[in-house]
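Right, one structure below, let's go through it.
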């Protein structure tokens with residue numbers, strides 16, 4: 001499954017077009033490498049999302065074509081979920 005679609009199906013990102021834009025902005029890593037929107041994701045892969053003040057790392061457990069909202073969290077396992085401060089101390 002393409003990573004942009006996986007991010008949408010798993011509800012990690014709400015819209016596929018947003019997931020595509022974030023991939024093109026080099027904010028998504030797949031197994032440690034920057035992922036293009038078309039990168040193939042499979043169970044066992046590690047996906048890292050780097051947002052402005054948030055770092056989320058998950059292990060892919062399943063890649064179905066669709067999932068209900070209340071089951072989406074079963075498609076991945078959270079490995080790291082960090083909130084980053086907006087200001088750094090000098």
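In the UniProt record's numbering, the protein residues as written are 1 to 90.
A virtual CB, placed ideally from N, CA and C, is assigned to each residue, including glycine.
Keep in mind it's a predicted model, so treat the numbers as computed, not measured.
As the crow flies, the alpha-carbon of residue 73 is around 16 angstroms from that of residue 41. With distances taken between CA atoms, residue 70 lies nearest to 11 out of 5, 3, 11 and 61. Between residue 80 and residue 57 the beta-carbon gap is near 4 angstroms, inside 8 angstroms, which marks them as a contact.
Judged by DSSP in its simplified three-state form, residue 12 adopts coil rather than helix or strand. The secondary-structure analysis by DSSP pairs residue 51 across a beta bridge with 54. Take the alpha-carbon of residue 59 and the one of residue 85: they are about 25 angstroms apart. For residue 81, the uninterrupted beta strand (DSSP E) run begins and ends at 76–83, by DSSP. Between residue 20 and residue 4, the CB-CB gap stays under 7 angstroms. Separation of residue 7 and residue 52 (C-alpha to C-alpha, rounded to the nearest whole angstrom) is 18 angstroms.
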